Every structure is written in C-alpha cells, then in structure tokens.
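Residue numbers (this note's numbering): 110 to 521.
Glycine included, C-beta positions come from ideal geometry on N, C-alpha and C.
Computed from a prediction, not measured in an experiment: that's the story for all the values here.
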C-alpha cells in the first residue's frame, strides 16, 4: 500500500550533523577537500546508507557517486537530483551537503511511502565541485557532460598531491560502488543549494527558484609605466601605472554595476612591481572578475573595460595589455523545470521568488545536456565558504520538501 511521500526532517537534520563530523574543524566548519581521506569518508557513509536501503550504488571514472532508485519504466533515462560533498578548507556544513543529503532523503521518502515514479531517480554527489585542492572546480559535472579528463591527469594539488593518484585512490576506496562509464542520457537535473548570498534572508523568503546561472569571465590587466624615485620624480615626469590602474578601477566601478543590476565587476587582486614603498612602480597588474547571465553583456562589459583602461593608460603615459584567463558562459535553466519547482512551492504554500545564481554550480553544466533547475534556501547573513555558514533547520527541511515534490512530478 502506498502513501504520500513525506520528508523526515529529524532524519535529514541528523544526517547533516553526522556528515558535518567528517572533516569537522574546531571553529564549527568542515575541511573535506576533494579526493581527501575526509571526502572518501563522506562518500563511504553515503554509500553505506544507500546500500542499507537496498539502492544500487555506482561511480564513474571521475569519482562521481550515484545512488539509483528504479522507476516503473526501465527504458527511460533517470532524473538526477543532488549536489556535492567536498568543501573548502575552511568551509561550511551546508554548502553541497544540504543538496546531496536532501536528495537522498527524498529517495528515502519515496521508498518509505512505496511510491512509484515512471522514471528512475538517481542521487548524485559530484566530485570536486569546489576546486580548492585541485583546480579547476566542478570537475565531476564537467567530465559527466563531455570534458576530456585526460587533460587533467597531470594536475598537482595545492598540497602537492597528484590528482591522478588521489582520484584513483578515491575510486578504489569504494569497491562496493559499481563502476560505470562517464556520462549517460538523463531526463533532467534538480539541485538544491544554499543561496550563498543575503537576498532570501533579507526578503524573508524560504525558497528561491533559480532561472539561470551567470556567466563568468576573468581578465588580467597589466599597466606598464616607468619605475622612479618617489622623492625626486616630479609629477610632470612620472609615468605611474598605479595612478592609471586606480583611475581605471574607479571608473569601472561607477559606470557598470550602477547601470546594470545583473552585472558584477570585482577587482580581487592587485600587485605592483617592484613593490617598494619609496619607488614608483614599473608595473601594476590587477585581476578582474566580471559576471552576467548574457554573453553579449559580458562582451560589452569587457569592451568597455578595454576602452577605459586604454584611456587611463594614455593619460598617465603608460601602456596596457589585457588578457583573458578564464571564460565560462552562463546558462538559462529549463522553463518547464522552473515551472515544476514553482508549482511545488505553490502546492506547499511557500512564498518564493525567481532569481539568478551569481555563483556557478554543477547545474550550469547539466543544463547543457538536459533540462535543469536549482532551488535555493537562505543562509544566515549570506555567509558561505565560511565556517560560520548556517542554515536554519526549518529552511533545510523546507528546501528538501520542495525538492521531493518537484522530483516526484518531474519523474512521473
């Protein structure tokens, strides 16, 4: 006899506590970096929980972990739900873990209720989403959607470890998980995640429905001038790249974001050479992170940046060179999947809003091969990648309820 599937909030919160102990830091956070002993411990615990419930467990050549509950039509591709288990070195307890464990709770809720879905549903824990130990991040989802993992074999981590060796050890540490090929047809993807920003909390909304992920582009700007003595070189004789750089940064901050609410421009690193307190720099280099959902706006912002930097370099009798170091196009999520989540929130009488993700997630890559969507829940003070990261228990359970409802409909 079947019943209506229900999230067991106490069970979910207990699981979050249990996983938070794997790689726990003294300050209350988590250090569970990709392919580490701690990461393997979290993967093992999840696999053990799955096997105890009779679910099939798989992994692939990138150590993505899958837990499968069969549907009534075995010919249909599965619906994927999940997130990741790895963390930053001083990460929080909820980033990634909330989405993965809520997905597993949804699978258990369906099993508890003996509820049937037409499509199989698979929980996925993507490998190396964070990229804190091995760069780039989101390796697992990139590999699943077609990236060539052979290009990563020679990567060395921040601790000097070999990616190839640590990846192999991680896969070998879980022999109970059947090895499957990288990538497969899927019917869709739903990812629950903490917002990692303050808007839901400030607006007192329990649910955000994500319609798109912003594109990200990194530029390196190098102003070249002439080094000189700080005390003997008068204004008329200076070719000061620091003045040019500061002027350019100020102009960019006052002419881009104030006129485009979806644009983001951040200068996160500035270096000067030779870096002496009593010398005019020879060169100043700064790194710029620009973000926007639309690639044409990214192009326009980059073009404006190049014009501004050229003008300020000329004003200070300097030269400037600009190069791209990273370019990740954004992605719009499936309108049908967005509607499914919206209807789930409405059926649960939960206030919500549509929003764009400023950070990139595994869902960005899944959206390129299947209908995808994300669900956000608030986090206190918008903090994430921080040991103080916190999600109210009620918000964690609410997010899982929306995920369960949406996944049940999407897999029917």
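- For residue 378, the secondary structure class from DSSP, reduced to helix, strand or coil, is strand.
- Secondary structure of residue 208 (DSSP, three-state): helix.
- In this model, residue 403 and residue 441 are separated by some 9 Å (Cα to Cα).
- Boundaries of the beta strand (DSSP E) around residue 331: 324-333.
- Taking C-alpha positions only, residue 365 is separated from residue 305 by approximately 23 Å.
- Take the alpha-carbon of residue 479 and the one of residue 453: they are about 20 Å apart.
- Within the segment 184-240, the complete beta strand (DSSP E) segments at least 3 residues long are 188-193, 230-235, listed from N- to C-terminus.
- In this structure, the alpha-carbon of residue 284 lies about 13 Å from that of residue 170.
- Positions of the alpha helix (DSSP H) runs, each at least 4 residues long and wholly inside the segment 127-185, are given as 146-161 in order along the chain.
- Where residue 421 is concerned, the enclosing alpha helix (DSSP H) starts and stops at 404-424.
- Under DSSP, the beta-bridge partners assigned to residue 436 are 326.
- The alpha carbon of residue 392 has as its nearest neighbour, out of 439, 157, 382, the alpha carbon of 382.
- In the structure shown, residue 428 adopts extended strand secondary structure according to DSSP, grouped into three states.
- Where residue 392 is concerned, the enclosing beta strand (DSSP E) starts and stops at 392-401.
- With a cutoff of 7 Å on beta-carbon distance, residue 164 and residue 289 are scored as not near each other.
- For the pair of segments examined, the segment 269-280 was found to touch the segment 128-146: the number of CB pairs separated by less than 8 Å reaches three.
- Classified as buried, residue 470 has 16 or more neighbouring CB atoms from the shown chains inside 10 Å of its CB.
- Between residue 394 and residue 249, the alpha-carbon positions lie close to 32 Å from each other.
- When DSSP states are grouped into helix, strand and coil, residue 298 belongs to the strand group.
- Residue 418 counts as buried, since at least 16 other C-beta atoms from the protein chains shown sit within 10 angstroms of its C-beta.
- Residue state for residue 462 is assigned as strand, using DSSP reduced to three classes.
- Check the Cα spacing between residue 214 and each of 379, 180, 121: the tightest is with 121.
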